[in-house]
Amino acid sequence: MVAPGPAELPLPMLAVAGELPTADDDAWGYEFKWDGVRAVAAVDGDRLALASRKGGDITVRYPELAALPAGVGGRRTVVDGEIVAMDAAGRPDFGALQNRMHRTGPEVPRLAAARPVTYLVFDLLAHDGADLTGLPYAERRERLEALPPGGRRWVTTPWFRGGGARVHAASRENQLEGVVAKRLDSPYRPGARSPDWVKVKNVRTQSVVVGGWRPGAGRRAGTIGSLLFGVHDDDGRLVYAGHVGTGFTDRALRELQAAVTPRRTSPFAGDLPREVTRDAQWVEPELVGEVAFAGWTAEGRLRHASWRGLRDDVDVADVVVEP
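Its first residue numbered 191, the sequence shown is counted upward by one per residue in the numbering used here.
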């Protein structure tokens, strides 16, 4: 039996943003939220296939994950998890992962050896060829834990029955991204965003569509100084939501400069502030990025935005204001 290709794998189930459950805490399981890239993996024998959140084939990007844990190889198994790059303190570092997310060329083995990623597994969708997506979350987690221990680059993540407030406090103390609450009786709904899963973030982040840039000064003269970005409103229009000029590495700026496609007019609906339009360089709204931010202004702008990186696992049309 050959492992299914990425195109045949289920799309991952997604969580809605919200607050911790309070009235029925004991009906929920809690996991830490990991700051990485979502991936569904299929294993059959010594074969591995990795699919992104959108179903794209990302197997070639992470060759170090092909060293399968003992006991998983030989069994047709499909799992859901997050690919992360760890910092020196052992915490996921999304910035470090940026240099791996889009690489498919001959440099990949070198990058994998220099800064290997880890696959954090948190759900079991199939095992020995049997589809497990209809089983309750709690039973899927129990079956996942019954599998042989993970390997050096594969780790099964912890989960907790109830006690959401304690788990959330622990995520803050360890400077993690947050927690995900999952109903113990919920099935796995491939490709669906369901209230049976609720993500509670410690750091506010927002997906944005890049629509232009403003020239830099000083050491950034002649290149990008800040990006102009937007989100889609309820009518599907791309509306201006602010700019970001911090959080970039020199490499990220070079890659952004090469990736954008110039255009003559603004891609944003409505009027923009004069201080933006006077020197803006417009681009086709093709790239999705992610920013951290402090809050929203009354005018619908993000305050104190900081660039986190490009997200090729998010469709442009799906970028709306996140709760």
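No residue lacks a Cβ here, since even glycine has one placed at the ideal position from N, Cα and C. What you are looking at is a predicted structure, and each value in this text was computed from that prediction instead of being measured.
Close beta carbons around residue i, own chain, < 7 Å, minus the five adjacent residues each side
i: residue 406; result: 413, 414 and 415
i: residue 437; result: 496, 497 and 498
i: residue 443; result: 413 and 414
Pairwise C-alpha distance: residue j and residue i
i: residue 480; j: residue 314; result: 28 Å
i: residue 259; j: residue 221; result: 22 Å
i: residue 362; j: residue 355; result: 11 Å
i: residue 380; j: residue 203; result: 5 Å
i: residue 284; j: residue 274; result: 7 Å
i: residue 421; j: residue 244; result: 19 Å
i: residue 307; j: residue 460; result: 43 Å
i: residue 294; j: residue 288; result: 13 Å
i: residue 510; j: residue 504; result: 11 Å
i: residue 403; j: residue 489; result: 20 Å
i: residue 390; j: residue 483; result: 16 Å
i: residue 465; j: residue 455; result: 16 Å
i: residue 366; j: residue 458; result: 34 Å
i: residue 375; j: residue 302; result: 38 Å
i: residue 262; j: residue 343; result: 13 Å
i: residue 434; j: residue 419; result: 8 Å
i: residue 500; j: residue 228; result: 14 Å
i: residue 280; j: residue 508; result: 32 Å
i: residue 143; j: residue 445; result: The structure shown has nothing for residue 143, since the chain only spans 191 to 513.
i: residue 441; j: residue 322; result: 42 Å
i: residue 299; j: residue 209; result: 41 Å
Beta-carbon proximity list for residue i, same chain, < 6 Å, skipping 5 on both sides
i: residue 249; result: 239 and 240
i: residue 333; result: 314
i: residue 311; result: 269, 271 and 346
i: residue 485; result: 493
i: residue 357; result: 220, 350 and 369
Start and end residues, beta strand (DSSP E) containing residue i
i: residue 419; result: 414–422
i: residue 220; result: 218–223
i: residue 401; result: 395–405
i: residue 354; result: Where residue 354 is concerned, there is no enclosing beta strand (DSSP E), although the alpha helix (DSSP H) it sits in stretches over 354–363.
Integer Cβ distance of residue i from residue j, believed to fall under 8 Å
i: residue 349; j: residue 331; result: 6 Å
i: residue 473; j: residue 397; result: So it is not a contact: roughly 17 Å between Cβ atoms.
i: residue 475; j: residue 426; result: The Cβ separation is near 12 Å, so there is no contact.
i: residue 309; j: residue 231; result: 7 Å
i: residue 491; j: residue 431; result: 6 Å
heavy atom of the ligand COA below 7 Å from residue i C-beta
i: residue 353; result: With respect to small molecules bound, the structure shown includes none, and the ligand COA cannot be examined in it.
Residues bridged to residue i (per DSSP)
i: residue 470; result: Answer by DSSP bridge pairing: none, since residue 470 is not bridged.
i: residue 247; result: 241
i: residue 317; result: 267 and 320
i: residue 350; result: 220
Start-to-end residues for the alpha helix (DSSP H) that takes in residue i
i: residue 496; result: First-last for residue 496: 496–500, but that is the beta strand (DSSP E), not the alpha helix (DSSP H).
i: residue 443; result: 440–449
i: residue 298; result: 298–304
i: residue 332; result: 327–336
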